[in-house]
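The structure appears below as structure tokens.
Protein chains: 2
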Amino acid sequence: MAGKKVLIVYAHQEPRSFNATLKNVAVEELSRQGCTVTVSDLYAMGFEPRATRSDITGALSNPESFSYGVEMHEAFKRRALTRDIAAEQKKVQEADLVIFQRKLALLSLTTGGVASMYTKAGDNGDFRYFLWPLQHGTLHFCGFKVLAPQISFAPEYSSKEERKAMVASWAQRLKSLWQEEPIQCSPPWYFGQ
Amino acid sequence: MAGKKVLIVYAHQEPRSFNATLKNVAVEELSRQGCTVTVSDLYAMGFEPRATRSDITGALSNPESFSYGVEMHEAFKRRALTRDIAAEQKKVQEADLVIFQRKLALLSLTTGGVASMYTKAGDNGDFRYFLWPLQHGTLHFCGFKVLAPQISFAPEYSSKEERKAMVASWAQRLKSLWQEEPIQCSPPWYFGQ
Chain X
0 MAGKKVLIVY AHQEPRSFNA TLKNVAVEEL SRQGCTVTVS DLYAMGFEPR ATRSDITGAL
60 SNPESFSYGV EMHEAFKRRA LTRDIAAEQK KVQEADLVIF QRKLALLSLT TGGVASMYTK
120 AGDNGDFRYF LWPLQHGTLH FCGFKVLAPQ ISFAPEYSSK EERKAMVASW AQRLKSLWQE
180 EPIQCSPPWY FGQ
Chain H
0 MAGKKVLIVY AHQEPRSFNA TLKNVAVEEL SRQGCTVTVS DLYAMGFEPR ATRSDITGAL
60 SNPESFSYGV EMHEAFKRRA LTRDIAAEQK KVQEADLVIF QRKLALLSLT TGGVASMYTK
120 AGDNGDFRYF LWPLQHGTLH FCGFKVLAPQ ISFAPEYSSK EERKAMVASW AQRLKSLWQE
180 EPIQCSPPWY FGQ
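As they're listed, the protein sequences go chains X and H. When you line the first sequence up against numbering that gives the first Met the number 0, it's residues 0 to 192, in that order. When you line the second sequence up against numbering that gives the first Met the number 0, it's residues 0 to 192, in that order.
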């Protein structure tokens, strides 16, 4: 939808990967719709994933006993977070839609195993089970409305044609993404009744 | 049990934290039993959590298109993993018991929220839900027999007496840890029938 801001949080190292293709398709389709698309390419940025006191500039509010949660809250209020964190927070705040594009995370993800392994009877259990901590515990908790995940199962074990079909289905979905209703992000969605 | 090797994987920054106390209690009790206890203190070691090509020394088997899984498997076979990873793998291999001591991970963990929030009807859902990806998807998948988790709920919001009781209950459990049967690590344990 023209004028919308989209942030794609992308975490894959190889520009020639299937993941990269899915990300590129999203950039192209959404830009074509007139959206402003920003990509946070975490590996390329060397984004620091460790949560440490280095995330805070200046003095700590309680240097005697370090509590990451308390210090981050204080630092957020006095704008004392490091520049890389503040920059990502700004992108999230400004975005109308955030797409997380990575292996085994959410919204748009690829799996190692085939679809049958991610069913209630499969070795990995229903794919919704592993979405719970991130999609519900993190995104929903932080106030996101969550759209249905886009799961591309086992590109590694799929034929070239199957991979093409997965990319096409993603591209097709993106065309009408703005008309989608968010999922009912509550336990029954994940675990049934 | 005398002669057993225990590895504690510990991830907390503050030596005066409740987490540190739980870790110290485990070191003391298990050493008293005659176990050899090793602690991998991930923050203190500055352990690198990013999975990148820097984990591999020497040439890649396919530099054209980097696949972390493939390259790590090859590097493992030809002993070309970086020293920090090889060292941790050796510790895990030699250990009879591995205790993961960190926030929101497994076996011995502390939570931010109180116990009622981690029930089926609570905001966070049953605490077993968030154990699924790590305890089942990672530990069980890698061949561990998994002991019941030790969950210390909301030490931040507990009284000094309550925290003492949590530490005491952990210390008490450690005394007979070697007689425990592993849990039945399968979907019913996590999600019921």
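Glycine residues also receive a C-beta, built at the ideal position from the N, C-alpha and C atoms.
Assigned secondary structure, residue i (DSSP; H/G/I helix, E/B strand, else coil)
| i | result |
| --- | --- |
| Q171 of chain H | helix |
| I84 of chain H | helix |
| F65 of chain X | coil |
| A10 of chain X | strand |
| T56 of chain X | coil |
| Q92 of chain H | helix |
| L21 of chain H | helix |
| K102 of chain H | Reliability fails at K102 of chain H, whose pLDDT of 45 lies under 50, so the model's placement of it is uncertain and the value that follows must be treated cautiously. Three-state result, K102 of chain H: strand. |
| K163 of chain X | helix |
| K76 of chain X | helix |
| L138 of chain H | helix |
| Q178 of chain X | helix |
| L130 of chain H | helix |
| V97 of chain X | strand |
| S39 of chain H | strand |
| K3 of chain X | coil |
| L146 of chain H | coil |
Local Cβ density within 10 Å of residue i, reported as buried at 16 or more and exposed below that
| i | result |
| --- | --- |
| S53 of chain X | exposed |
| Q88 of chain X | exposed |
| P181 of chain X | exposed |
| G124 of chain H | buried |
| S30 of chain X | exposed |
| L74 of chain H | Looking at the sequence shown, residue 74 of chain H is not Leu but Ala. Counting Cβ neighbours within 10 Å, A74 of chain H comes out buried, since at least 16 surround it. |
| P48 of chain X | exposed |
| P62 of chain H | exposed |
| R77 of chain X | exposed |
Own chain partners of residue i with C-beta closer than 6 Å, once the 5 adjacent residues on each side are dropped
| i | result |
| --- | --- |
| L6 of chain H | T37, K90, A94, V97 |
| L103 of chain H | Only weak support is given to the placement of L103 of chain H: the predicted model assigns it a pLDDT of 39, under 50, and the question is left unresolved by the model. |
| Y9 of chain H | K22, V38, D40, Q100 |
| K119 of chain H | D125 |
Own chain residues within Cβ distance below 7 Å of residue i, not counting five before or after
| i | result |
| --- | --- |
| A19 of chain X | H11, E13 |
| G121 of chain H | S115 |
| V145 of chain X | Q134, L138, H139, P181, I182, C184 |
| Q149 of chain H | L106, S107, W169, R172 |
| Q32 of chain H | M0, A1 |
| Y128 of chain X | Y189 |
| A197 of chain X | A question about residue 197 of chain X goes unanswered here, because the residues of chain X that appear run from 0 up to 192. |
| F126 of chain X | Y117, I150 |
| Y67 of chain X | A50 |
Residue-level contact to chain H via CB, residue i, 7 Å cutoff
| i | result |
| --- | --- |
| F190 of chain X | yes |
| R15 of chain X | yes |
| G57 of chain X | no |
| P62 of chain X | no |
| F126 of chain X | no |
| F99 of chain X | no |
| P181 of chain X | no |
Any chain X beta carbon closer than 7 Å to residue i
| i | result |
| --- | --- |
| Q134 of chain H | no |
| Y9 of chain H | no |
| G142 of chain H | no |
| P186 of chain H | yes |
| Q12 of chain H | yes |
| E75 of chain H | The amino acid occupying residue 75 of chain H in the given sequence is Phe; Glu does not appear at that position. Not closer than 7 Å to any Cβ of chain X, the Cβ of F75 of chain H fails to qualify, so no. |
| W131 of chain H | yes |
| P154 of chain H | no |
| P48 of chain H | yes |
Pick from the options that is closest to residue i, judged by C-alpha positions
| i | options | result |
| --- | --- | --- |
| W188 of chain X | X:L130, X:S16, X:A86 | X:L130 |
| F140 of chain H | H:P186, H:A114, H:G112 | H:P186 |
| S64 of chain X | H:Q178, H:W169, H:E155, H:A167 | H:E155 |
| K3 of chain X | X:S157, X:E179, X:C34, X:R162 | X:C34 |
| C184 of chain H | H:R77, H:G142, H:W177, H:A170 | H:G142 |
| S168 of chain X | X:V24, X:T51, X:Y9 | X:V24 |
| A50 of chain H | X:F75, X:G45, X:P62 | X:G45 |
| R82 of chain X | X:I55, X:P62, X:S60, X:Q92 | X:I55 |
| K174 of chain H | H:E28, H:F17, H:Q92, H:T109 | H:E28 |
| Y117 of chain X | H:G136, H:A58, H:T110 | H:G136 |
| E179 of chain H | H:A147, H:S151, H:K163 | H:A147 |
| V113 of chain H | H:G191, H:P62, H:P132, H:R162 | H:R162 |
Own chain partners of residue i with C-beta closer than 8 Å, once the 5 adjacent residues on each side are dropped
| i | result |
| --- | --- |
| S157 of chain H | M165 |
| S60 of chain H | V69, E70, E73 |
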